[in-house]
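In the numbering used here, the protein residues as written are 68 to 387.
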């Protein structure tokens with residue numbers, strides 16, 4: 068008969084863990100910690116999945132703001148020309164091929180306009196145009212999830228180049244042809260910027276009197292991954308108070324969009340979910356945009372709001 072096998076001794080780490088878990092106080096502490104971690108995970112999922120779209124513009128505008136404005140103008144022109152073409156219902160019978168092609172042009176132009184739209188500026192427009200900020204933000208979120216290539220500078224560049232080549236084939240020296248050349252030019256600029264060749268758009272815009280700021284945008288998702296994950300984490304109260312003091316000192320020199328986002332995050336961290344009515348008035352755009360951003364954070368926990376507040380402050384290179 069084969070000799071009975073010797074039972075291997077239990078590893079020391081396993082034995083120590085079993086002995087520690089036999090302590091009811093330790094089990095209760097572990098249970099509490101699991102609930103805390105689970106709560107933060109739920110808050111983070113709620114923030115990122117449902118309403119966490121405040122900084123979504125940073126996923127889309129990856130170059131100088133002047134380039135984004137120029138691309139937006141091109142997308143708006145393409146949308147208008149496409150809409151004018153598809154409104155000609157007789158074209159369905161007379162020339163169905165070009166009618167369908169114009170429908171694609173309209174969709175591409177609308178996509179470009181949505182990608183390049185600045186929801187912060189839209190939210191400060193006079194009623195009822197300020198209400199477009201929320202659906203545009205949701206549309207940008209959908210594009211980010213379903214067409215992520217378009218949120219990358221190079222991907223958008225090839226998309227605009229494709230639009231341009233499609234438009235210039237419609238006619239010669241007409242509105243569609245000129246719009247196509249413009250889109251192709253913007254596509255080439257975006258592709259060049261993706262390789263690190265950045266034209267001085269800000270200087271050109273300022274000389275034209277457009278007053279475009281020179282602050283470049285950066286991709287928040289990439290920076291978060293490089294730092295090892297999501298910015299949502301547990302923040303000590305002392306660090307938050309320090310960040311709060313730094314924010315109050317440098318309010319005057321921060322861009323308007325950053326100020327509104329920081330205000331909303333600070334309200335969520337200190338007050339909780341929005342409990343105030345929407346501000347009224349025709350020329351009260353900044354206050355209404357602050358209210359919209361705060362409302363969009365509904366459900367985000369106090370600890371997560373504090374962490375996001377500090378992360379947003381650091382993106383503006385404010386020492387915390």
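Glycine included, every Cβ here is placed at the ideal spot set by N, Cα and C.
Legend entry - Rounded C-alpha distance that separates residue 167 from residue 248: 21 Å
Legend entry - Three-pair Cβ contact test at 8 Å for the stretch 191 to 211 versus the stretch 226 to 233: no
Inset, instruction - Enumerate, from N- to C-terminal direction, the unbroken beta strand (DSSP E) stretches of 3 or more residues contained entirely within the stretch 156 to 209. - result: none
Inset, instruction - Please look up how many angstroms separate the CB atoms of residue 236 and residue 251, rounded, as I've assumed it's under 8 Å. - result: Wrong, their Cβ atoms sit about 11 Å apart, outside the cutoff.
Legend entry - Three-way DSSP call (helix, strand, coil) for residue 231 in this model: helix
Legend entry - Whole-angstrom distance between residue 148 and residue 170, CA atom to CA atom: 10 Å
Inset, instruction - Note down, in chain order, each residue of its chain lying with its Cβ closer than 8 Å to the Cβ of residue 303, except the 5 sequence neighbours on either side. - result: none
Legend entry - Same chain only: Cβ atoms within 8 Å of residue 203, ignoring 5 sequence neighbours per side: 181, 184, 186 and 189
Inset, instruction - Please confirm whether residue 336 and residue 380 have their CB atoms less than 7 Å apart. - result: no
Inset, instruction - Indicate the three-state DSSP secondary structure (helix, strand or coil) for residue 315 in the structure shown. - result: helix
Inset, instruction - Might you give, ordered along the chain, the residues of its own chain that have their beta carbon closer than 6 Å to the beta carbon of residue 179, omitting 5 neighbours on each side? - result: 142
Legend entry - Cβ-based neighbour list, residue 386, same chain, cut-off 7 Å, excluding 5 preceding and 5 following: 313
Inset, instruction - Rounded to whole angstroms, what's the CA-CA distance from residue 193 to residue 355? Just pull it up for me. - result: 10 Å
Legend entry - From 133, 163 and 195, residue whose alpha carbon lies closest to that of residue 350: 195
Legend entry - Counted within 10 angstroms of its Cβ, other Cβ atoms place residue 343 as buried (16 or more) or exposed: exposed
Inset, instruction - Please classify residue 377: does DSSP put it in a helix, a strand, or coil? - result: helix
Legend entry - Backbone CA spacing between residue 137 and residue 257 [nearest angstrom]: 11 Å
Legend entry - Contact check, residue 153 vs residue 173, beta carbons under 7 Å: yes
Legend entry - Which of helix, strand or coil DSSP assigns to residue 223: helix
Legend entry - residue 258 in three-state terms, based on DSSP: helix
Legend entry - Rounded Cβ spacing between residue 264 and residue 307 (contact assumed at less than 8 Å): Going by Cβ atoms, the distance from residue 264 to residue 307 rounds to 41 Å, so no, they are not a contact pair.
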